[in-house]
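All remarks here apply to the structure that follows.
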Amino acid sequence: MRRNNSRIKAMMVLYNYEITGELIDIEYLNAIIDADGAVPYDDDFFKELVAGVLENRDEINRVINLNIKNWSFSRLSAVDRVLIQIGVYEMLHTLTPKSIIINEIINITHEYSDLGDKTSARFNNRLLDEIRKYIDGE
C-alpha cells in the first residue's frame with residue numbers, strides 16, 4: 002500500500018509538471034491528500050519515481066514511442082501519459098517485477114483515468130505489456 006500511495010503521489014506531481022511545467026510543493030500536496038488523515042507512503046520511493054521520470058524522460062518516451070501502435074503518445078490524456086512514464090521508468094530502472102508494476106499502474110488507471118468504460122486501462126495494459134516484451138527481448 003505504501004508503494005502504491007507513492008506511485009499515486011508521484012503521478013500527481015508529474016501530472017502537475019506535465020500541465021504547468023512546474024513541480025508542485027510536496028508539503029502542499031501532502032496537505033491536500035492527507036486532509037482526511039495521514040496517507041502512508043514510502044518517501045524515498047516517491048522521490049525516486051519523480052526524479053527518475055524527470056531525469057530519464059527522453060529514454061522513457063523513446064521506449065514508449067517505439068512500442069505504441071496506431072496511436073500517438075501525445076494524444077493520450079496527461080494522466081495516462083504520466084502513469085505510463087512511471088511504469089516504464091520502473092521497468093527500466095528498478096528491480097520490481099514487471100508484472101507487479103503493470104498491475105499497480107492499471108489499478109491506478111482505474112481509479113484516476115477510466116471513465117467507467119475501462120478503455121484507458123485496456124490501452125495502458127496493452128502498451129505496458131508490449132513495452133515489457135520489448136525490454137525483455139521477447
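Residues in the sequence shown are numbered consecutively from 2, following this note's numbering.
Note that beta-carbon positions come from the ideal geometry of N, C-alpha and C, so glycine has one too.
Values in this document were obtained by computation on a predicted structure and should not be read as measured data.
Counted as a single uninterrupted DSSP element, the stretch harbouring Asp43 is not any alpha helix (DSSP H), since DSSP gives it neither H nor E. A direct Cα-Cα distance of roughly 13 Å separates Asn57 from Leu15. Take the alpha-carbon of Ile69 and the one of Ser7: they are about 26 Å apart. The Cβ atoms of Asp115 and Ala122 sit closer than 7 Å to each other.
A direct Cα-to-Cα measurement between Met12 and Asp137 gives close to 25 Å. Asp44 counts as exposed, since fewer than 16 other beta carbons sit within 10 angstroms of its beta carbon. Out of Leu93, Ser75, Asn126, the CA that lies nearest to the CA of Ile20 is found in Ser75.
Under the DSSP assignment, Phe74 falls outside any alpha helix (DSSP H); it carries neither an H nor an E label. Check the Cα spacing between Arg127 and each of Leu93, Asp81, Phe47, Glu23: the tightest is with Asp81. Distance check between Phe124 and each of Thr95, Ile85, Ile102, Leu24 places Ile85 closest, using alpha-carbon atoms only. The beta-carbon separation of Tyr90 and Gly53, rounded to 5 Å, stays under the 8 Å limit for a contact. Taking every protein chain shown into account, the CB of Leu24 has fewer than 16 other CB atoms within 10 angstroms, so this residue is exposed. If you ignore the 5 residues before and after Lys99, its C-beta comes within less than 7 Å of the C-beta of Met92, Arg133, all in its own chain and listed in chain order. Boundaries of the alpha helix (DSSP H) around Ser121: 120-137.
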